[in-house]
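Structure first, commentary second.
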Amino acid sequence: MKNDKKPLLLITGGAGYVGSNLIREALISGYRVRCLDFLIYGGKSIVGLVNHPDFELYVGDVRKGEDLKNALDGVDEVVHLAAIVGDRPCQVAPKLAYQTNFESTQKIIELSIKSKIKKFIFASTCSNYGAIEGDAFADEKTKLNPVSLYSETKIDCEKFITQNSTDEFQPIILRFGTAYGVSFRTRFDLTVNSFVYEALNNDQLLVFAPNMWRPFVHVHDMSRIILTVLNSENVAGKIFNAGSTEENYTKQQMIEFILKNVNNVKVHYAKEIEDKRNYRVNCDFLRDVTGFKPTRTVESGIIELIHCFKNGILNVDDYEQNKLDSLAEFYKKQEKILT
1 MKNDKKPLLL
11 ITGGAGYVGS
21 NLIREALISG
31 YRVRCLDFLI
41 YGGKSIVGLV
51 NHPDFELYVG
61 DVRKGEDLKN
71 ALDGVDEVVH
81 LAAIVGDRPC
91 QVAPKLAYQT
101 NFESTQKIIE
111 LSIKSKIKKF
121 IFASTCSNYG
131 AIEGDAFADE
141 KTKLNPVSLY
151 SETKIDCEKF
161 ITQNSTDEFQ
171 PIILRFGTAY
181 GVSFRTRFDL
191 TVNSFVYEAL
201 NNDQLLVFAP
211 NMWRPFVHVH
221 DMSRIILTVL
231 NSENVAGKIF
241 NAGSTEENYT
251 KQQMIEFILK
261 NVNNVKVHYA
271 KEIEDKRNYR
281 VNCDFLRDVT
291 GFKPTRTVES
301 GIIELIHCFK
311 NGILNVDDYE
321 QNKLDSLAEF
331 YKKQEKILT
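Read in this note's numbering, the sequence shown has 48 at position 48, and its numbers run on one by one without any break.
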């Protein structure tokens, strides 16, 4: 039986990598949850939720105003996750990326204002910082320097949100670090996840730009950050780097964690630099305002992934369906079908 006194939380993109974990955490935390998702990857990640009394699934397209309007009916709070995520998927499907990432955000912001949504969280990215010279850490005031269409769409969204905030409607922007870890739809276009698979199954790693820095955040901690912010005071209208300052690593440091836990792996270093991004991020503002502390480290996440592969929880099919090349090819086809 539904409890209408519980706040109703809308999660767009709820069947995805982050959303499928967030839904479960939100239900445990006492929310009613409505998931708006086009199910472009199917619905296996949320199949165990269909009979939950506090869960609703709206199959719809965030690019369509009518679908957004229906999904927002009666909602108290919104977490907007739905997006084409990553540099290469956006590169191969630029029109779909612009429609999904930017135009849908415009629509849901405008409709949320009309619907008097109490709290709105927008999932952005630390990729917005691009390339940072030297050893400096980027904080929330650091100049943004996008080097991909993906980050350009996220920056456009941030600008639109900031320009359209009002005294009554002040969305919170979370710039997440690079995600990793096991979820209900585990992605393998992510550096940590893909490297663990390759180390276990191919006995070798091909590494570009080993000394480039990245901030990392476990998918479970991403959900915890969102829920922490939803339940915190003094966050309205703020931008947070979403992660932990201590969880910045170079690729080489990450590889050393893998070599410590997987035997007989050969590492090959490529001279070409495929990715221009290089940034360390300071997340102290999030900690200071909300008290958030991570529960996972990159090394513990690597051990978790190894355990899941060795015990059959994750397998080759999971990797093949969700690796970068497969996702890029998938979005090429979707660009032709959906735009």
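Note that beta-carbon positions come from the ideal geometry of N, C-alpha and C, so glycine has one too. In this text the structure is predicted, and so the values were computed from the model without any measurement.
- Between R185 and G16, the beta carbon gap of about 6 angstroms places them in contact (Cβ cut-off 8 angstroms).
- Taking the CA atoms as reference points, I161 sits about 49 angstroms from N264.
- When the beta-carbon positions are compared, F38 and V62 come within less than 9 angstroms of each other.
- Closest by C-alpha distance to L174, out of A26, A136, H307, G237, is G237.
- Taking all protein chains in view, the Cβ of I337 is surrounded by fewer than 16 other Cβ atoms within 10 Å, so the residue is classified as exposed.
- About 16 angstroms separates the beta carbons of S151 and T191, which is beyond the 8 angstroms limit, so they are not a contact pair.
- Its Cα nearest to that of T228, the residue A26 stands out among A26, D167, K5, Q204.
- Annotation: N241 is outside any alpha helix (DSSP H); the continuous beta strand (DSSP E) that includes it extends over 239-242.
- Of the residues assessed, Y269 falls on the exposed side of the cut-off, its CB having fewer than 16 other CB atoms within 10 angstroms.
- The criterion of a C-beta distance shorter than 9 angstroms is not satisfied by I28 and I46.
- Of the residues assessed, L206 falls on the exposed side of the cut-off, its CB having fewer than 16 other CB atoms within 10 angstroms.
- If you check the CB distance, V298 and Y197 do not come in under 9 angstroms.
- Two segments are said to touch when three or more pairs of C-beta atoms, one from each, lie closer than 8 angstroms; by this definition the stretch 47-54 does not touch the stretch 74-94.
- For S223, the CB contacts under 6 angstroms within the same chain, skipping 5 residues up- and downstream, are N21, L22, E25 in chain order.
- In the DSSP annotation of this structure, the continuous segment of the beta strand (DSSP E) that includes L174 starts and ends at 172-176.
- C-alpha of F257 to C-alpha of S148: approximately 28 angstroms in a straight line.
- Around the CB of Q99, 16 or more other CB atoms lie within 10 Å, so the residue is classed as buried.
- In this structure, R32 keeps its C-beta atom at 9 angstroms or more from the C-beta atom of D67.
- Around the beta carbon of G134, a 10 Å sphere encloses fewer than 16 other beta carbons of the protein chains shown; the residue is thus reported as exposed.
- For C308, the uninterrupted alpha helix (DSSP H) segment begins and ends at 298-310.
- Excluding its 5 nearest sequence neighbours in each direction, Q106 has C-beta neighbours in its own chain below 7 angstroms: F160, listed in chain order.
- Looking at the DSSP output, I121 shares a beta bridge with V79, I172.
- For I11, there is no enclosing alpha helix (DSSP H); the residue is found in the beta strand (DSSP E) stretching over 8-12.
- Our two residues, T142 and M212, have alpha carbons roughly 18 angstroms apart in a direct line.
- In this structure, DSSP gives C126 a helical state, which the three-state scheme calls helix.
- Contact between I109 and N164 holds, since their C-beta atoms are separated by about 6 angstroms, short of 8 angstroms.
- In the same chain as G19, and ignoring 5 residues on each side of it, the C-beta atoms closer than 6 angstroms to its own belong to I11, G13, L81, in chain order.
- Nearest in C-alpha terms to K271, of all of A209, K310, E56, is A209.
- A residue is called buried when at least 16 other Cβ atoms come within 10 angstroms of its Cβ; K333 does not meet this threshold and is exposed.
- About 6 angstroms separates the beta carbons of P294 and E247, which is inside the 8 angstroms limit, making them a contact pair.
- At the C-beta level, F285 and D139 come within 9 angstroms of one another.
- A97 and N128 have their C-alpha atoms roughly 16 angstroms apart.
- DSSP places D54 outside both helix and strand once states are collapsed to three, so it counts as coil.
- Ranking E335, G301, N202 by CA distance to the CA of D221 puts G301 first.
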